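Undergrad: There's a structure below that I have some questions on.
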Amino acid sequence: MDFGDVSLVALRVFREVAERGTLTAAAAALGYTQSAVSRQMASLERAAGTPVLERRPDGVRLTAAGNVVLRRAIAVLDEIDAAGRELAGLPAEAGTVRLGWYPSAGAVLVPRAVAELRRTHPAVTVVTREGTTPVLVRALRAGTVDLAVLGSAPPFRPPDAETPALRVETLAERSLCLAVPAGHPLAGAGEADVADLRGQRWIAGPSAEEATLMGVWPGLDERPEIAHTARDWLAKLRLVAAGCGLTTLPASLAEAVPPGVRVVAVRGGPSERRRVVLARLPGPVPEPVALLSAALRRAADD
């Protein structure tokens, strides 16, 4: 079987497997059976003449050949989709942009940018999805999102070590702050010393890497008391408003805090900074993607 005979269905299934990381997850996302996904992958590997996936206990990983096929598959599928838009008579700037974003970006940044684009370029459709950094980076690599808004903490490493390197630009860099109940002793002054954080109760949740807790002030010289755990940042803030504990908060979210929460700066100790970055695959940027990128930059500057 020649690789030129590979089907578009197999390429689309492969792209989904590359993003999801397992055949089971790809099957669920596509509405296929797992055996159907396995057959498509077997067909693709016969055409390639080499394995494109490395089967592992925790899922699959692309081989070197798989990375080549994925890169070309993305280009082919994007061209097919572009042809469909052109045949439908859509204007040049029309099209759909697929945007991924980490949870707290959905509070202010993403809605602001999408609302602006709807006003200024109504022919552009933005489809968004929330995810952790690893999930969104896989989606970028698989070509199932065009842009990803990610959070980054020191030492501000690249989102992954794969090649080609993702194109990453910083949209904003701001201090990490503290969210405290309105009636808390730290709420009145507007700022607190890092020493004042010892002995506090914290509301936290797992980080994207599942190894650290997000919500506890970094570098505390004690084992923190975790009163509540929650993944959703708004749930954390609601618990803060209820007087259940403290949590950290990027300064960019200060305008989105619910009633009963005060945002406090922290002095003393190393400066804690957080970045909001915009990532994409290298290469030409379609007009709709460029328009949304510009809107995100303006929203981050507001």
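Mapping the sequence shown onto our numbering, position 203 (from 1) lands on 188, and the numbers just tick up by one.
Glycine residues also receive a C-beta, built at the ideal position from the N, C-alpha and C atoms.
Model, not experiment: these values are computed from the prediction.
Using alpha carbons as the reference points, say which of Leu276, Val22, Arg56, Val(-6) lies closest to Thr7.
TA: As a position in the sequence shown, residue 7 is number 22, starting the count at 1. Ranking the options by Cα distance to Thr7, first place goes to Val22.
Undergrad: Measure how close the beta-carbons of Ala226 and Gly254 come, nearest whole angstrom, since I'm counting them as under 8 Å.
TA: Within the sequence shown, numbered from 1, the residue matching residue 226 stands at position 241. Within the sequence shown, numbered from 1, the residue matching residue 254 stands at position 269. With a Cβ gap of about 26 Å, Ala226 and Gly254 do not count as contacting.
Undergrad: Please name the residue or residues paired with Cys162 in a DSSP beta bridge.
TA: The residue labelled residue 162 in the question sits at position 177 within the sequence shown. Partner(s): Leu234.
Undergrad: What's the C-alpha gap between Pro140 and Ala67?
TA: Along the sequence shown, read from residue 1 onward, the residue named residue 140 stands at position 155. Along the sequence shown, read from residue 1 onward, the residue named residue 67 stands at position 82. Roughly 39 Å between the two C-alpha positions.
Undergrad: If you draw a straight line from the C-alpha of Glu210 to the C-alpha of Arg186, how long is it?
TA: Working through the sequence shown from its first residue, we reach residue 210 at position 225. Working through the sequence shown from its first residue, we reach residue 186 at position 201. Spanning the two alpha carbons is a distance of roughly 5 Å.
Undergrad: Can you tell me where the beta strand (DSSP E) holding Arg186 begins and where it ends?
TA: For the purposes of this step, residue 186 is taken as residue 201 along the sequence shown, with counting starting at 1. Element bounds for Arg186: 186 to 191.
Undergrad: Tell me whether the beta-carbon of Ala127 lies closer than 8 Å to the beta-carbon of Arg0.
TA: Translated into the one-based positions of the sequence shown, residue 127 becomes position 142. Translated into the one-based positions of the sequence shown, residue 0 becomes position 15. Yes, the Cβ-Cβ distance between Ala127 and Arg0 is below 8 Å.
Undergrad: Using a 10 Å radius around the Cβ and a threshold of 16 neighbouring Cβ atoms, would you call Glu194 buried or exposed?
TA: Reading the sequence shown from its first residue, position 209 is the one you call residue 194. With a pLDDT of only 48 at Glu194, under the threshold of 50, the placement of this residue in the model should not be trusted, and no figure is reported.
Undergrad: For Leu198, write down the residues that DSSP places opposite it in a beta bridge.
TA: Position 213 of the sequence shown, counting from 1, holds the residue named residue 198. For Leu198, which the question treats as bridged, DSSP gives the partners Pro191.
Undergrad: Which of the three DSSP states is assigned to Gly44 in this structure?
TA: As a working mapping, residue 44 is identified with position 59 in the sequence shown. Note: Gly44 maps to strand in three-state DSSP.
Undergrad: With a threshold of 16 other CB atoms inside 10 Å of the CB of Asp131, please say whether the residue is buried or exposed.
TA: Numbered from 1 along the sequence shown, position 146 holds the residue referred to as residue 131. By the neighbour-count rule (16 or more Cβ atoms within 10 Å), Asp131 is buried.
Undergrad: Based on the DSSP output, what are the partners of Ala81 in its beta bridges?
TA: Start at 1 with the first residue of the sequence shown, and residue 81 comes out as number 96. For clarity, residue 81 is Thr in the given sequence; the question names Ala instead. Thr110.
Undergrad: Sorted by chain position, which residues of the same chain lie with C-beta nearer than 8 Å to Pro143's C-beta, five sequence neighbours on each side aside?
TA: Here residue 143 refers to the residue found at position 158 of the sequence shown. Same-chain partners within the cutoff: Ala150, Leu151, Val153.
Undergrad: What are the start and end residues of each continuous alpha helix (DSSP H) run of 4 or more residues lying completely inside the region 99 to 160, in chain order?
TA: Taking only runs of at least 4 residues, the alpha helix (DSSP H) segments lying wholly in the region 99 to 160 are 118 to 127.
Undergrad: For Ala60 and Thr18, what's the separation of their Cα atoms in angstroms?
TA: Here residue 60 is taken as the residue at index 75 of the sequence shown, counted from 1. Here residue 18 is taken as the residue at index 33 of the sequence shown, counted from 1. If you take the alpha carbons of Ala60 and Thr18, they lie about 26 Å apart.
Undergrad: Taking only the alpha-carbon atoms, compute the straight-line gap between Ala92 and Val45 and give it to the nearest angstrom.
TA: One-based indexing of the sequence shown puts residue 92 at position 107. One-based indexing of the sequence shown puts residue 45 at position 60. Rounded to whole angstroms, Ala92 to Val45 spans 33 Å at the Cα level.
Undergrad: Answer yes if the region 277 to 287 comes into contact with the region 99 to 106, meaning at least three C-beta pairs across the two stretches below 8 Å, and no otherwise.
TA: Yes, since at least three Cβ pairs between the region 99 to 106 and the region 277 to 287 fall closer than 8 Å, the two stretches touch.
Undergrad: Quick check: the Cα distance between Glu176 and Ala250, rounded to an integer number of angstroms?
TA: Taking the sequence shown and counting its residues from 1, one reaches residue 176 at position 191. Taking the sequence shown and counting its residues from 1, one reaches residue 250 at position 265. If I take the Cα positions, the gap works out to 4 Å.
Undergrad: Below 6 Å CB to CB, which residues in the same chain sit around Ser137 once its five sequence neighbours on both sides are set aside?
TA: Taking the sequence shown and counting its residues from 1, one reaches residue 137 at position 152. The answer, listed in chain order, is Arg260, Val262.
Undergrad: Around the C-beta of Ser237, are 16 or more other C-beta atoms found within 10 angstroms, so that it is buried, or is it exposed?
TA: Indexing the sequence shown from 1 puts residue 237 at position 252. Classification of Ser237: buried, given that the 10 Å Cβ count is 16 or more.
Undergrad: Considering only their Cβ atoms, is the gap separating Pro235 from Thr161 smaller than 8 Å?
TA: Here residue 161 corresponds to residue number 176 of the sequence shown, with the count starting at 1. Here residue 235 corresponds to residue number 250 of the sequence shown, with the count starting at 1. Thr is not the amino acid found at residue 161; the sequence shown has Leu there. Going by C-beta atoms, Leu161 is nearer than 8 Å to Pro235.
Undergrad: At which residue ranges does the region 208 to 257 contain complete beta strand (DSSP E) runs of 3 or more residues, listed in the order of the chain?
TA: Taking only runs of at least 3 residues, the beta strand (DSSP E) segments lying wholly in the region 208 to 257 are 210 to 214, 232 to 235, 246 to 252.
Undergrad: Tell me whether Leu263 sits in a helix, a strand or coil according to DSSP, three-state version.
TA: Position 278 of the sequence shown, counted from the first residue, corresponds to residue 263. Reduced to three states, the DSSP call for Leu263 is strand.
Undergrad: Where Val242 and Ile188 are concerned, what is the direct C-alpha to C-alpha distance, given to the nearest angstrom?
TA: For the purposes of this step, residue 242 is taken as residue 257 along the sequence shown, with counting starting at 1. For the purposes of this step, residue 188 is taken as residue 203 along the sequence shown, with counting starting at 1. Their backbone Cα atoms lie some 15 Å apart in a straight line.
Undergrad: Skipping 5 residues on each side, what residues in its chain have a beta carbon closer than 7 Å to that of Pro269?
TA: Working through the sequence shown from its first residue, we reach residue 269 at position 284. Counting only Cβ-Cβ distances below 7 Å, and skipping sequence neighbours, we find nothing.
Undergrad: Who pairs with Leu38 in a beta bridge, going by DSSP?
TA: For this step, residue 38 is matched to residue 53 along the sequence shown. Leu38 is bridged to Leu47.
Undergrad: Could you give the distance in angstroms between the alpha-carbon of Pro200 and the alpha-carbon of Arg265?
TA: Within the sequence shown, numbered from 1, the residue matching residue 200 stands at position 215. Within the sequence shown, numbered from 1, the residue matching residue 265 stands at position 280. In the sequence under discussion, the amino acid at residue 200 is Gly, which differs from the Pro named in the question. So the two alpha carbons sit approximately 28 Å from each other.
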